[in-house]
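Q: Before I ask anything, here is the structure I am working with.
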DNA sequence: CTGAAAGCGCTAACAC
DNA sequence: GTGTTAGCGCTTTCAG
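Structural data, given as structure tokens:
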């Protein structure tokens, strides 16, 4: 039962009620190195329960020099890719009694660095950086040094993306996924591909494209006859597809660097009277849950994003010295948007 | 330039470097009531800059008795409805230099209450509770008392849902939206409707259903000839639609209590060889951005969810005594999934 | 094993 | 205006 007084119940209140010292109460409630003997321990716990005591985490953080909070930095929480990762992180955090502080950087790498500095100031236990890394040495160096500061101040860092930085990483095997997708599409009979990519410095997109390219080569059939670059969003997909259609090059299959772009591409096709699947095959990457009911159902390279989030959180908590890389393979899922070509 | 020592830079370090007292440094950096005169102020600011000082927010929180953090409690961050709201909240929080602590309750109201208690313990500045309220007096009473405790401890609370509790509320006009949708569909020529609803105690769904019902009555035409109840999710929509189809009742338009259910319903239709729009019209609620590219495009009642999130955050920050209600109207958007019936 | 007391970094009276 | 100092709630030596 929680007491209805205005002033919050403090540990001192609990100690008084249990007739022990502050120190003992602290030890009983948060099992420190020193153990409290049974009779007392129960008394304290009961008093805490009775008074509805809730430890003040801020105060704990100041005293311990470390908060029981982890930061989650992602490009855009409204993008289902990140929302799914966030769900996984949140689930796992809940299991460990950790708070998750969310910051959506709106795809600004400057803001990402600034937030990381902020989280260091919070003495966050750790931070998860989700989202494609950039192929930009200057930016990566600054991020690396901020990460180093963060770590030196005692925090842990996990990336969900490419392992281009010295830190624990959950690495999506984008290249291998692209390669497998290319082979699957060639097997289905496609030969003339267009690729809708994000700007080259966005590694996630570039890896997927390179893998796809390589896949075509090893398959010994099929060629990339067109490509377009636009933002890594639905609107980018629409724009890139429009450009491809205007180009007039004959293609029989369009591959977008992610599902969200693929969806934009399908809309662009329809806007020009081109029917997805029937007139032109389409494929994407990620297998976003919210988009699994599209019609025609989208062929894609599935990455288990919720699990990726959980995994990132688990790595963060699992204290290890050396930077590790956990690889997450993608799985090609062939659906209606790429019917077998006879 | 940030110094690369292990120990974080404290305010005392800044004060020493600037040759002033701790208090003056504090005042200069966080402009308190007392002002610091110009020559000194600059010295302090420069010293802080030079040393790469970052205020320890935990310590500030302990000293001030209030954290610069707000909590966001929602049912499921992977659901695009909540992800969009979260995006709005996050944007607005960023503008005010506030951290957002996210908790995804997985639709457990128990967990919602528990998290609220936790946030009180954190001395969060405020909390936003997003997600349908329940028609359950017992639960609402417990939530109300927890809210009261939270408020008494100095925090603010804003709800995004129904104004069934004494607190600031951003209220989606679900009933009015349902009503308008019914009239629009009747105008298009539909007469035999099926409604896919969430369990009755979920107010968002129930309000939409009741409004829809009322709309049919005032339109003087059309009738609800079937309905099914399932979870307020994609799978729920699939299940409910399957039930309707099995029922054999003749319907010409299916209305789901939200877009996510509508998507599940469309899949269920296709699984039974029924073509959405052509064979059976479909409509939903929310106008989820990620689902705007469906084909056939989904007729829906649009609620500006990102704006709703921003608004909720704004209300939270805007100190006012009495509980206010900000009404957000829905807008019927007719698309391909409900073609005019001749 | 328990208690007393010294911090953790910062704010806010209270003096000068 | 600026400095001194007493907390904020908790953890953690250091004695006993």
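Chains as they are written, first to last, in my numbering: chain A, 1315 to 1656; chain B, 1315 to 1656. Even glycine gets a Cβ: it sits at the ideal position worked out from N, Cα and C.
Return the chain-ordered list of same chain residues with a C-beta closer than 8 Å to the C-beta of residue 1359 of chain A, the five sequence neighbours on each side being excluded.
A: 1342 and 1343
Q: What are the boundary residues of the alpha helix (DSSP H) that residue 1520 of chain A is part of?
A: 1517-1533
Q: Round the Cβ separation of residue 1440 of chain B and residue 1471 of chain B to the nearest angstrom and send it over; I've been treating them as touching at under 8 Å.
A: Correct: roughly 7 Å between the Cβ atoms.
Q: Using a Cβ-Cβ cut-off of 8 Å, state whether residue 1391 of chain B counts as contacting chain A.
A: yes
Q: Suppose only complete runs of 3+ residues qualify. What are the beta strand (DSSP E) ranges in the region 1610-1645 of chain B, listed by chain order?
A: 1614-1616 and 1639-1642
Q: For residue 1532 of chain B, count neighbouring Cβ atoms within 10 angstroms of its own Cβ and tell me buried if that reaches 16, exposed if not.
A: exposed
Q: Please name the residue in B/1527, B/1438 and B/1364 whose C-alpha comes closest to that of residue 1327 of chain B.
A: B/1364
Q: Should residue 1572 of chain A and residue 1598 of chain A be called a contact, given that it needs their Cβ atoms to be closer than 8 Å?
A: Contact flag set, yes.
Q: So what does DSSP say about residue 1340 of chain B, is it helix, strand or coil?
A: helix
Q: Report yes if the C-beta distance between residue 1551 of chain B and residue 1511 of chain B is below 8 Å; otherwise report no.
A: no
Q: Determine which residues of the region 1363-1375 of chain B have a Cβ less than 8 Å from any Cβ of chain A, and write them out in chain order.
A: 1368, 1369, 1370, 1371, 1372, 1373 and 1375
Q: Would you identify the three-state DSSP class for residue 1318 of chain B, choosing helix, strand or coil?
A: Note that residue 1318 of chain B scores a pLDDT of 46, beneath 50, so its modelled location is shaky and nothing firm can be said.
Q: Which of helix, strand or coil does DSSP assign to residue 1590 of chain B?
A: strand
Q: Where does residue 1502 of chain B sit, in a helix, a strand or coil, going by DSSP?
A: coil
Q: Is the beta carbon of residue 1543 of chain B less than 8 Å from the beta carbon of residue 1507 of chain B?
A: With a cutoff of 8 Å on beta-carbon distance, residue 1543 of chain B and residue 1507 of chain B are scored as not near each other.
Q: Contact check, residue 1492 of chain A vs residue 1526 of chain A under 8 Å by CB: the rounded distance?
A: 4 Å
Q: Counting only Cβ pairs nearer than 7 Å, list the residues of chain A close to residue 1418 of chain B.
A: 1401 and 1404
Q: If we cut at 8 Å on Cβ distances, does residue 1617 of chain B have a partner in chain A?
A: no
Q: Spatial neighbours of residue 1404 of chain A within its chain, please: CB distance less than 7 Å, with the 5 preceding and 5 following residues excluded, ordered by chain position.
A: 1414
Q: Just the chain B side, please: which residues come within less than 7 Å of residue 1593 of chain A by C-beta, in chain order?
A: Here the premise fails: no neighbours, minimum Cβ distance about 13 Å.
Q: Report, in whole angstroms, the separation of the C-beta atoms of residue 1391 of chain A and residue 1416 of chain A, which I expect to be a contact under 8 Å.
A: 7 Å
Q: According to DSSP, is residue 1648 of chain A part of a helix, a strand, or is it coil?
A: Coil at residue 1648 of chain A, not helix or strand.
Q: So what does DSSP say about residue 1347 of chain B, is it helix, strand or coil?
A: coil
Q: I need the straight-line Cα distance from residue 1464 of chain A to residue 1427 of chain A, nearest angstrom please.
A: 11 Å
Q: Check whether the Cβ atoms of residue 1620 of chain A and residue 1401 of chain A lie closer than 8 Å to each other.
A: yes
Q: Assuming residue 1436 of chain B and residue 1371 of chain A are in contact, meaning their beta carbons sit under 8 Å apart, how far apart are those beta carbons, in whole angstroms?
A: 5 Å
Q: Check whether the Cβ atoms of residue 1369 of chain A and residue 1604 of chain A lie closer than 8 Å to each other.
A: no
Q: Find out if the Cβ-Cβ distance for the pair residue 1449 of chain B, residue 1520 of chain B is shorter than 8 Å.
A: yes
Q: Chain B beta carbons: is any one of them nearer than 8 Å to that of residue 1607 of chain A?
A: yes
Q: Rounding to the nearest angstrom, what Cα-Cα distance links residue 1378 of chain B and residue 1374 of chain A in this structure?
A: The alpha-carbon of residue 1378 of chain B is positioned some 15 Å away from that of residue 1374 of chain A.
Q: Pull up the distance between the alpha-carbon of residue 1649 of chain B and that of residue 1486 of chain A, whole angstroms please.
A: 37 Å
Q: Going by CA-CA distance only, name the one from A/1446, A/1515 and A/1411 that's closest to residue 1381 of chain A.
A: A/1411
Q: Between residue 1413 of chain B and chain A, is any beta-carbon pair separated by less than 8 Å?
A: yes
Q: Could you tell me whether any Cβ in chain B is nearer than 8 Å to the Cβ of residue 1547 of chain A?
A: no
Q: Can you tell me whether residue 1530 of chain A is buried or exposed? The criterion is at least 16 other CB atoms within 10 Å of its CB, across all chains shown.
A: buried
Q: In chain order, what residues of the same chain lie with their CB nearer than 6 Å to the CB of residue 1443 of chain B, ignoring the 5 residues before and after it?
A: The beta carbon of residue 1443 of chain B sits closer than 6 Å to those of 1387 and 1473, all from its chain and outside the five residues before and after it, given in chain order.
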